[in-house]
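A.B. asks: Going by the working numbering, the first residue of the sequence shown is number 3, and it counts up by one from there.
Every residue, glycine too, gets a C-beta built ideally from N, C-alpha and C.
Input: one structure, supplied below.
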Amino acid sequence: MKVILLGTAAGGGCPQWNCACPLCTAGLEPRTQDCVAVSADGAGWYLLNCSPDIRSQLLGTPALRPGPGPREIPLRGVLLTDAELDHALGLVLLREAGGLPVRAPEAVSRALLPVREIIDGYGGWDWLPVSDLPGLRVTCLPVSDKRPKYARASDQGGPWVVAYRIEDVSTGGVLVYAPCLKSWPAGFDSFVEGADVVLLDGTFYAPDEMAGVGGPDQLAMGHLPITASLARIAERPGPRWAFTHLNNTNPVLDPASAEHAAVLAAGALLPPDGTEFSL
Ligand code: MLT
Ligand code: MN
Ligand code: ZN
């Protein structure tokens, strides 16, 4: 299985358009919004989430560019972990891809109905439950009850956020993708067991990080801080642990920071956009 990290930042990316915090103005290597591409055969690709940066992510990734026919594309579908706009708004930008199947938990597909009505005006897409993909065994685990802010009052239930475990049936390689973790949830340890790479929620480094920009606390936003997951990782050697969905307030964005060094010292990775894994 080939895995490409198309984007590794949280909503808004880094730098973020409305933010003049020290990290957004430091001239760091930019990061686009969280999105991953996976493929069992290197020819047909599936997106895990579909970020608002999808246009530049596709055009910047040779394996995902169109061809050889004038309107042939290598995308075969999309899997959504949640209905947050930073994970789903890219679907609107791919509206000409008639028939592209989008798979998500039912509550997520239902919350996205307003977006689906727009997209379906351009070509009937298939909105399907989560299932295996060609050459890839897919399982999901509910990891958070956080509803999107725009969800209608009638949208209740859940699960609102899931993590995916994707196993290549021929190589046995396993990727776990968990960009939004409210806690270290029940069942997560067995979900990641035997994984080669685990992409974890790296939105915030510390529990008081949003105070600096006047925001709510991290757990209210549905994101377990890296300081809490590093302690878990230390007790769980085996997979390569990598943080993604990094918020623009997160000091690990700066490679010269003590926090960046602490993540690497704990044996975890902070992969930049464009990182590839072969599992
Ligand atoms: C999140 O990751 O918590 C969401 O993207 C935040 C939001 O867009 O409201
Ligand atoms: Mn997000
Ligand atoms: Zn900022």
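1. Residues in its own chain within less than 7 Å of residue 181 by CB, not counting five upstream and five downstream?
2. So residue 47 packs on residue 38, CB below 8 Å; how close in whole Å?
3. Give me the residue from 126, 17, 224 with the minimum Cα distance to residue 282.
4. Of all the beta strand (DSSP E) runs that stay within the bounds of the segment 148-186, which reach a length of 3 or more residues?
5. Going by the beta-carbon positions, is the gap between residue 166 and residue 232 smaller than 8 Å?
6. Pick helix, strand or coil for residue 242, following the three-state DSSP scheme.
7. According to DSSP, which residues form a beta bridge with residue 42?
8. Report yes if the C-beta of residue 12 is less than 7 Å from at least one heavy atom of ligand 2; otherwise report no.
9. Which two residues bound the contiguous beta strand (DSSP E) that contains residue 132?
10. Grab the span of the alpha helix (DSSP H) containing residue 284 for me, first residue to last.
11. So for residue 11, helix, strand or coil by DSSP?
12. Quick one: does the C-beta of residue 275 sit closer than 7 Å to a heavy atom of ligand 2?
13. Which one of 97, 137, 75, 147 has the shortest CA to CA distance from residue 110?
14. Whole-angstrom Cβ separation of residue 269 and residue 235, contact assumed at under 8 Å?
15. If contact is defined by three or more beta carbon pairs under 8 Å, each pair taking one atom from either stretch, is the segment 187-200 in contact with the segment 255-267?
16. Excluding the 5 residues preceding and the 5 following residue 187 in the sequence, name in chain order all residues of the same chain whose CB lies nearer than 6 Å to its CB.
17. Which complete alpha helix (DSSP H) runs does the segment 189-218 hold, if anything under 4 residues is left out?
18. Just to confirm before moving on: does the CB-CB distance between residue 93 and residue 104 stay below 8 Å?
19. Is residue 18 helix, strand or coil by DSSP?
20. Determine the extent of the beta strand (DSSP E) in which residue 97 is found, giving its start and end residues.
21. Using alpha carbons as the reference points, say which of 10, 259, 5, 3 lies closest to residue 273.
C.D. replies: The short version:
1. 36, 83, 201, 203, 246, 247
2. 10 Å between Cβ atoms; not a contact.
3. A question about residue 282 goes unanswered here, because the residues of the chain that appear run from 3 up to 281.
4. 163-170, 176-180
5. no
6. strand
7. DSSP lists no partner for residue 42.
8. yes
9. No beta strand (DSSP E) contains residue 132, which DSSP labels as neither H nor E.
10. Here the chain comprises residues numbered 3 to 281, so residue 284 is not present and cannot be evaluated.
11. strand
12. no
13. 147
14. 7 Å
15. no
16. 145
17. 190-194
18. yes
19. coil
20. Here residue 97 belongs to no beta strand (DSSP E), and DSSP marks it neither H nor E.
21. 10
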